[in-house]
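Participant: Pasting in a structure now, in structure tokens, and then I'll have a few things to ask.
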């Protein structure tokens, strides 16, 4: 244990890793604080760069950039009422109300302080949860893996903030995309339409860049430019945060726990954690009437929650290759590329790398406090960059980055195509996160499904015979029929359904 | 680009049916009961069923309206003519333009055009767009070609490094 820890320290105290963490932190802070550029997009655009780094440095950039971007989203939320990332949308109103009351320092300070606390709590959960789960997972056969992957996909559809039917449809679209190529049980070209470029299948990373970056540029074409941030001087950022920590200790802990749970659930990420925690904070608050008027309590809970979910999202990713959220989906791609294939054996064979990941999370969350304060002070300069100068650079990064992944110009075609797909889906209420999970997990779910079927000679019974498989199956099927039950129940009760009016 | 649920639902029914049919046509692995055909069959069927449900409006009541935060003091809402919506297709079109032309024209020139068009489309004046179109491609070229050794096409204007 101590030996592995020393090795892990040696792994991360190289110049390459230190520079990677610092550069990725600054990058994450800037992208996260620009409205309309999400943390997932920041991470996806970083992947081509990670190709040329050592495994630990590559993971370090992902960890640092995603952690910083989630916090940095709070900055324009508080100063402009425009969340920098979707994860800050839940409490942007509240933070802006505080700014108008003249408490901008307190709101932003709470953002940076409780984000760091949440991030460290999430890391602790990763350290505590992952190794024992790995022990259990070692005895898993393809039946368990199939149900686990299935359950993961169902979770992703349950937590989506849209119609579950559309979420399931999105997931199926993703799985269908994963069918493309010759990497299937028969080794025959499937859905390639005679195009050799499609033989290798659709790489998840260009698809992700398309869905999260190109679609965002497309949306920017149709939406008005956000107003520039007013120049202002800030007082002490961290003043009063310790008092808040003591006063809202329970809220903070609850935010951490909710964030960890939502992070572990596949498909549900930081934005979901923030919405749930903010709602919870309001529900259980002693002074719910103050919410919405510039009250710091909800910020404490939701700010801790969204950062806690980032680290705990790595638990299912590292153990099973099932992404906890869209950022973890990108991280899985990087892990595979760097020879750290996700799986329970990772924790025994590459224990020092795992400890290095924990350490990087803790370091990233600690340096977030000074870097975050600098970023807050510089915000009025950085956020003056008009969209018409940022978006063209994003476009170039999309083109070059997707080319760099395989030195193949076809990657750019994939990016453009998925930009359109992502845009149309999002406009019509189909959650793209569910599709992304389908793409990432498609090969794995097909392999475990077909191998299980071959083992069982086409019979369905063995899918339920092993105890853990049976439990997972029950949960997965429950998740599948839950929306149906709710729908039937609502029909029977004949409550006046709030019509989803077309915009 | 907001289409009625009936349209997207029926499109998914078609896509699912095509996928199931395409999967069914695939050759099985000799001597094995399941091969590459099973998974697309299952997925396609599921997708078609979901499409039907969407077309008939099942699950609509779950949809939450997006919490749109109105921008205070922003510009007036954009005009909503049919052609205006097509602007959204500009970014993917520019990327396809890059695919078609980058090898012949080279990275720097193609990238400069993409930057200039995107920037102008987002409302920048030429005083901003032109310097950006000159500097951004060179910067990206430095990072990706020099630092990360991505073989970007030199075309008619190779960079001196």
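Chains as they are written, first to last, in the numbering used here: chain V, 2 to 504; chain G, 30 to 190. Ideal placement from N, C-alpha and C gives every residue a C-beta, glycine not left out.
(1) How many angstroms separate the CA atom of residue 67(V) from the CA atom of residue 335(V)?
(2) From the beta carbon of residue 51(G), is the nearest beta carbon of chain V less than 8 Å away?
(3) Consult DSSP for residue 260(V) and reduce its assignment to one of helix, strand or coil.
(4) Using the C-alpha atoms, what's the distance from residue 307(V) back to residue 253(V)?
(5) Report the partner residues of residue 182(V) according to the DSSP bridge assignment.
(6) Is residue 116(G) close to chain V, meaning its C-beta is less than 8 Å from at least one C-beta of that chain?
(7) Tell me the DSSP secondary structure of residue 96(V) in three-state form.
(8) Among 73(G), 74(G) and 53(G), whose alpha-carbon lies nearest the alpha-carbon of residue 64(G)?
(9) Do we get a CB-CB distance below 8 Å when we pair residue 308(V) with the residues of chain G?
(10) Just tell me which of 181(V), 23(V), 179(V) and 153(V) has its CA closest to the CA of residue 368(V).
(11) With a cut-off of 8 Å, do at least 3 Cβ pairs link the region 229 to 244 of chain V to the region 94 to 113 of chain V?
(12) With 8 Å as the threshold, decide whether the Cβ of residue 133(G) is near any Cβ in chain V.
(13) Is there a Cβ from chain G that is less than 8 Å from the Cβ of residue 447(V)?
(14) For the putative contact between residue 117(V) and residue 61(V), defined by C-beta atoms under 8 Å, what is the C-beta separation to the nearest angstrom?
(15) What residue range does the alpha helix (DSSP H) around residue 104(V) cover?
(16) In terms of residues, what are the limits of the alpha helix (DSSP H) holding residue 308(V)?
(17) Excluding the 5 residues preceding and the 5 following residue 168(V) in the sequence, name in chain order all residues of the same chain whose CB lies nearer than 6 Å to its CB.
(18) Measure the Cβ-Cβ separation of residue 178(V) and residue 440(V) and say whether it is below 8 Å.
(19) On a Cα-Cα basis, can you pick out the residue from 52(V), 171(V), 488(V) and 164(V) that is closest to residue 154(V)?
(20) Assess, as a yes-or-no matter, whether the region 407 to 418 of chain V is touched by the region 294 to 310 of chain V under the definition of 3 or more beta carbon pairs within less than 8 Å.
(21) I'd like to confirm something about residue 477(V): is its beta-carbon nearer than 7 Å to some heavy atom of the ligand NAP, or not?
(22) Measure the CB-CB distance between residue 136(G) and residue 181(G) and report whether it falls below 8 Å.
(23) Would residue 43(V) pass as a contact of residue 70(V) if the rule is Cβ separation under 8 Å?
(24) Whole angstroms are fine: how far does the CA of residue 276(V) sit from the CA of residue 359(V)?
(25) Are residue 380(V) and residue 32(V) touching if we call contact CB-CB under 8 Å?
(26) Compare the C-beta of residue 183(G) with all C-beta atoms of chain V and state if any pair is closer than 8 Å.
(27) According to the Cβ coordinates, are residue 383(V) and residue 164(V) closer than 8 Å?
(28) According to the Cβ coordinates, are residue 199(V) and residue 321(V) closer than 8 Å?
(29) So with Cβ pairs under 8 Å, would you call residue 488(V) a contact of chain G?
(30) To be precise: take each residue of the region 191 to 205 of chain V, compare its Cβ to all Cβ atoms of chain G, and keep it if any distance is under 7 Å. Which residues remain?
(31) Would you say residue 40(G) faces chain V, with C-beta separation under 8 Å as the test?
(32) Could you give the C-beta distance for residue 78(G) and residue 49(G), rounded to a whole number, given that I count them as a contact under 8 Å?
(33) Which residue marks the beginning of the alpha helix (DSSP H) containing residue 207(V), and which one marks its end?
(34) Measure the alpha-carbon distance for residue 388(V) versus residue 132(V) and round it to whole angstroms.
(35) Let me make sure I understand the geometry here. Which of 33(G), 134(G) and 147(G) has the alpha-carbon closest to that of residue 83(G)?
Facilitator: The answer reads as follows:
(1) 14 Å
(2) yes
(3) helix
(4) 12 Å
(5) 191(V)
(6) yes
(7) Three-state DSSP puts residue 96(V) in a helix.
(8) 53(G)
(9) No, residue 308(V) lies away from the interface with chain G (no Cβ there is under 8 Å from its Cβ).
(10) It is 23(V).
(11) At 8 Å Cβ cutoff, the stretches touch.
(12) no
(13) yes
(14) So it is not a contact: roughly 17 Å between Cβ atoms.
(15) It is not in any alpha helix (DSSP H) - residue 104(V) carries neither H nor E in the DSSP assignment.
(16) 297 to 313
(17) 158, 161, 432 and 435
(18) Result yes, Cβ atoms of residue 178(V) and residue 440(V) sit closer than 8 Å.
(19) 171(V)
(20) no
(21) By its list of ligands, the structure shown contains no ligand whatsoever, and the ligand NAP lies outside what it can speak to.
(22) yes
(23) yes
(24) 26 Å
(25) no
(26) It does not: the Cβ of residue 183(G) has no partner Cβ on chain V nearer than 8 Å.
(27) With respect to the 8 Å criterion, residue 383(V) and residue 164(V) are not classified as neighbours on the basis of their beta carbons.
(28) no
(29) yes
(30) 191 and 192
(31) Closer than 8 Å: no.
(32) With a Cβ gap of about 11 Å, residue 78(G) and residue 49(G) do not count as contacting.
(33) 205 to 210
(34) 44 Å
(35) 33(G)
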